[in-house]
Amino acid sequence: MSEQNFTDTETKATIEEMLETIGHLQAVRWAADCAERTLPLYEEKYPNDDRPRNAIDAARNWLKGDIGVRDARKSAFATHAAARETQDESAIAAARAAGQAVSTAHLAGHAIHASTYAAKAAAIASGFDEAAVEAERQWQLERLNDIKRNYPNE
Numbered sequence: 241m242s243e244q245n246f247t248d249t250e251t252k253a254t255i256e257e258m259l260e261t262i263g264h265l266q267a268v269r270w271a272a273d274c275a276e277r278t279l280p281l282y283e284e285k286y287p288n289d290d291r292p293r294n295a296i297d298a299a300r301n302w303l304k305g306d307i308g309v310r311d312a313r314k315s316a317f318a319t320h321a322a323a324r325e326t327q328d329e330s331a332i333a334a335a336r337a338a339g340q341a342v343s344t345a346h347l348a349g350h351a352i353h354a355s356t357y358a359a360k361a362a363a364i365a366s367g368f369d370e371a372a373v374e375a376e377r378q379w380q381l382e383r384l385n386d387i388k389r390n391y392p393n394e
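Shown next, in the form of structure tokens:
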């Protein structure tokens, strides 16, 4: 692991509070969006490994009712295996974000972990630039607001 530590922003607390006010489907949608933003960090290093992409697709397929929780969990396990097999730290965090996103289908509480791994991936990719982490967290907060507004019945 890197000698630098990931330091989150105060925006995370706001996100956590807001997550308490949304539905399960909204949480899955948001977690998948957060993870997808970091997916290029994985795919750039491992273009032939589609497990993280499949996890995000599985989360979206669960939203549509096309797969059940069992299949979502299988995808999460596969994606976490991809993270364990990976050497690049930003790719690891991106894969973990995808794994947590699809895990949100099982338990809404995984959504915050998907967003935190996405923020961590942004931190690592930027050389631990605090402004990059805050920009990622601000995007996450704005996206959460959008989902809450645009998908009120989820």
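For reference, each letter of the sequence shown is one residue, going 241 to 394 in our numbering.
By construction, the Cβ of each residue, glycine as well, lies at the ideal position given by its N, Cα and C atoms.
- In the three-state reduction of the DSSP assignment, leucine 303 falls in the helix class.
- Nearest to asparagine 301 by alpha-carbon distance, out of Pro292, Ala312 and Arg291, is Ala312.
- Residue environment for glutamine 327: exposed (fewer than 16 other C-beta atoms within 10 angstroms of its C-beta).
- If you draw a straight line from the Cα of tryptophan 270 to the Cα of arginine 377, it is about 12 Å long.
- The Cβ atoms of alanine 362 and alanine 351 do not sit closer than 7 Å to each other.
- Taking the CA atoms as reference points, glutamate 394 sits about 6 Å from glycine 263.
- The beta-carbon separation of alanine 341 and isoleucine 296, rounded to 6 Å, stays under the 8 Å limit for a contact.
- Remark: C-beta atoms of alanine 338 and proline 292 approach each other more closely than 7 Å.
- In the structure shown, the three-state DSSP call for glutamate 376 is helix.
- Under the three-state reduction of DSSP output, threonine 249 falls in the coil class, being neither helix nor strand.
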